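Chemist: Keeping their order, the protein sequence lines are chains C and Z. For the first sequence, my numbering gives the first residue as 1, with consecutive numbering after it. For the second sequence, my numbering gives the first residue as 214, with consecutive numbering after it. Just passing along the structure, written as structure tokens.
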Amino acid sequence: MARPALRKSTRPEGAAATPRLAHLDLDRSLVDAARADPARFDALYRKYVAQVYNFAVYELGDHHEAEDATERTFLSALAALPRFEERARVEDGRDASTFRVWLFRIARNVVAERRRRWRRRPEAPLDLALATPDPLDVERAVVEREAATTAWRAVDRLTGDRRRAVILRFVHEMSTAEIAAVLERSEGAVRVLIHRGLRSVAKELRGRGEGRA
Amino acid sequence: MTFRPSARDGEIEAFVVDRYLESLLAREPRDTADIPVDLRQSADALAAGLPRYHPSFRFVEALSARLAAAAVRPAGAAPRDPMPAAIVELPRPGRPGDAPGGLGQVRPVVIGGVLTSAAISLAGAAYVAWRLNRPASDPMIRAVRAVARARLI
Chain C
1 MARPALRKST
11 RPEGAAATPR
21 LAHLDLDRSL
31 VDAARADPAR
41 FDALYRKYVA
51 QVYNFAVYEL
61 GDHHEAEDAT
71 ERTFLSALAA
81 LPRFEERARV
91 EDGRDASTFR
101 VWLFRIARNV
111 VAERRRRWRR
121 RPEAPLDLAL
131 ATPDPLDVER
141 AVVEREAATT
151 AWRAVDRLTG
161 DRRRAVILRF
171 VHEMSTAEIA
181 AVLERSEGAV
191 RVLIHRGLRS
201 VAKELRGRGE
211 GRA
Chain Z
214 MTFRPSARDG
224 EIEAFVVDRY
234 LESLLAREPR
244 DTADIPVDLR
254 QSADALAAGL
264 PRYHPSFRFV
274 EALSARLAAA
284 AVRPAGAAPR
294 DPMPAAIVEL
304 PRPGRPGDAP
314 GGLGQVRPVV
324 IGGVLTSAAI
334 SLAGAAYVAW
344 RLNRPASDPM
354 IRAVRAVARA
364 RLI
């Protein structure tokens, strides 16, 4: 895991000039390089393409639509990079990246735009879950695919930001602060969204368990 | 004073669950005594069960190439910057009986340097006409002109 970037900074005029350490955005060097030479945006693209694509797959439930949304997201990000503002805070954690949050906000808008024009197909997520490649261990693969299908089903029934918050938490492993920034909500609201999402998932899983018994 | 235990309890539980998720996703699950069993099981199922999808290699490379092309393009330029084809309306020969302003009277708009070249062309045409109609002094020139006229007719 990459170490957090740190720099020395001094307090404002009048305060004791004691150096202190301030966190910098994890992607600062890559962002600076891409700003100086847009051809170097490729490093940021390769770092985040899978995450953005993954987010789009969960939101749209279709690989082709997800590819299209991913493409639009990165083209928009490249065009808007000169306007990107780094807003890293110490409380966001060691691995926080305001660039990632900014990128996911763009992805969220792109996805929302596509969803407005194109209705989600409810059967698609299940198809995707079943399309996971088979490893050599067939028995384990069956169990994993069943678990994936169950999880997919449970999450897919969640609505709007509740689903997004759960996906960002469990698939992208974002912190509550990062999810709050992506969804433009307070951290408390995100905690409640995830909590309620888990309650719904628990209900769904319980229902499936009773259905089998 | 109104006391709403359910909402407050929900917020506290949400906070406790959040702390548990933090440790779960850091692969260091902490004490789960405060977490309701069904919520813990749901969290474990999602953490283990939700698949991660990776885009195809072909797509990643194709988009990388598109981004590289977009990066070298000047800001504000269209993705493919085709030169718009100019539509020039050619003058049509006027026919006797055409109404003024009708199809036979369409005039091209002449701008800038085109006017100069058109003027030179007119002068050239007048010069050639004068040369052809000038009486020739040399018998050889007269013979050549006679042959040329015969071919034209």
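Heads up, the beta-carbon is just placed ideally off N, CA and C, and yes, glycines get one too. Just so it is clear, the structure is predicted and the values come from calculations on it, not from any experiment.
Any C-beta of chain C sitting closer than 8 Å to the C-beta of residue 224/Z?
Modeler: yes
Chemist: Where do the N-terminal and C-terminal ends of the alpha helix (DSSP H) with residue 248/Z fall, by residue?
Modeler: Per DSSP, residue 248/Z belongs to no alpha helix (DSSP H) and is neither H nor E.
Chemist: Taking the straight line between their C-alpha atoms, what separation do you get for residue 297/Z and residue 79/C?
Modeler: Reliability of the predicted coordinates at residue 297/Z is poor, the pLDDT of 40 falling under 50, and the value obtained from them is presented with this limitation in mind. The straight-line gap from Cα to Cα measures roughly 24 Å.
Chemist: Could you spell out where the alpha helix (DSSP H) holding residue 80/C opens and where it closes?
Modeler: DSSP places residue 80/C in the uninterrupted alpha helix (DSSP H) bounded by 63-80.
Chemist: Using a Cβ cut-off of 8 Å (strictly closer), state whether residue 31/C contacts chain Z.
Modeler: no
Chemist: Near residue 113/C, what residues of its chain come up, given a Cβ to Cβ distance below 8 Å and the 5 sequence neighbours on each side ignored?
Modeler: none
Chemist: Which residues in chain Z have a C-beta closer than 7 Å to the C-beta of residue 169/C? List them in chain order.
Modeler: 234
Chemist: Nearest chain Z C-beta to residue 166/C closer than 8 Å, yes or no?
Modeler: Against chain Z, the CB of residue 166/C has a partner CB under 8 Å away; the residue lies at that interface.
Chemist: With a Cβ-Cβ cutoff of 8 Å, do residue 245/C and residue 102/C count as a contact?
Modeler: There is no way to answer for residue 245/C, as the model of chain C reaches only from 1 to 213.
Chemist: Taking the Cβ atom as the reference point for each residue, do residue 57/C and residue 266/Z lie within a distance shorter than 8 Å?
Modeler: yes
Chemist: Under 8 Å, Cβ to Cβ, is there at least one residue of chain C near residue 260/Z?
Modeler: yes
Chemist: Note down, in chain order, every chain Z residue with its Cβ under 8 Å from the Cβ of residue 109/C.
Modeler: Here the premise fails: no neighbours, minimum Cβ distance about 18 Å.
Chemist: Ends of the alpha helix (DSSP H) at residue 159/C?
Modeler: Taken as a continuous stretch (DSSP letters only), residue 159/C belongs to no alpha helix (DSSP H), as it is neither H nor E.
Chemist: Taking only beta-carbon atoms, is residue 231/Z less than 8 Å away from chain C?
Modeler: yes
Chemist: Going by beta-carbon coordinates alone, are residue 184/C and residue 177/C separated by less than 8 Å?
Modeler: no
Chemist: Measure from the alpha carbon of residue 82/C to the alpha carbon of each residue in 151/C, 203/C, 189/C and 38/C, then state which is nearest.
Modeler: 38/C
Chemist: With distances taken Cα to Cα, identify the nearest neighbour of residue 255/Z among 150/C, 105/C, 191/C and 35/C.
Modeler: 150/C
Chemist: Please determine, among 203/C, 180/C and 171/C, the residue with the shortest C-alpha to C-alpha distance to residue 237/Z.
Modeler: 171/C
Chemist: Does the beta carbon of residue 35/C come closer than 8 Å to any beta carbon on chain Z?
Modeler: no
Chemist: How many whole angstroms separate the CB atoms of residue 148/C and residue 204/C, which I take to be in contact at a CB cut-off of 8 Å?
Modeler: Between residue 148/C and residue 204/C a beta carbon distance of about 14 Å is seen, past the 8 Å cut, so the two are scored as non-contacting.
Chemist: Note the first and the last residue of the continuous alpha helix (DSSP H) segment covering residue 60/C.
Modeler: Element bounds for residue 60/C: 41-60.
Chemist: To be precise: take each residue of the stretch 67-78 of chain C, compare its Cβ to all Cβ atoms of chain Z, and keep it if any distance is under 7 Å. Which residues remain?
Modeler: The residues in question are 67, 70, 71, 74, 75 and 78.
Chemist: For residue 186/C, name the three-state secondary structure that DSSP assigns.
Modeler: coil
Chemist: Rank 110/C, 25/C and 195/C by C-alpha distance to the C-alpha of residue 226/Z and give the top, closest one.
Modeler: 195/C
Chemist: Provide the residue span of the alpha helix (DSSP H) that contains residue 32/C, from first to last.
Modeler: In the DSSP assignment, residue 32/C falls within the unbroken alpha helix (DSSP H) covering 28-36.
Chemist: Look at residue 50/C and residue 111/C and say whether their C-beta atoms are less than 8 Å apart.
Modeler: no
Chemist: Looking at residue 31/C and residue 104/C, is the spacing between their C-beta atoms short of 8 Å?
Modeler: no
Chemist: Can you tell me which of 240/Z, 222/Z and 271/Z puts its alpha carbon nearest to the alpha carbon of residue 247/Z?
Modeler: That would be 222/Z, whose Cα lies nearest to the Cα of residue 247/Z.
Chemist: Would you verify that the beta carbon of residue 202/C is, or is not, closer than 8 Å to some beta carbon of chain Z?
Modeler: yes
Chemist: Within this structure, are the beta carbons of residue 276/Z and residue 71/C separated by less than 8 Å?
Modeler: yes
Chemist: Quick one, which residues of the stretch 37-62 of chain C are near chain Z if we go by CB-CB under 7 Å, in chain order?
Modeler: 38, 39, 41, 42, 45, 49, 50, 53, 54 and 57
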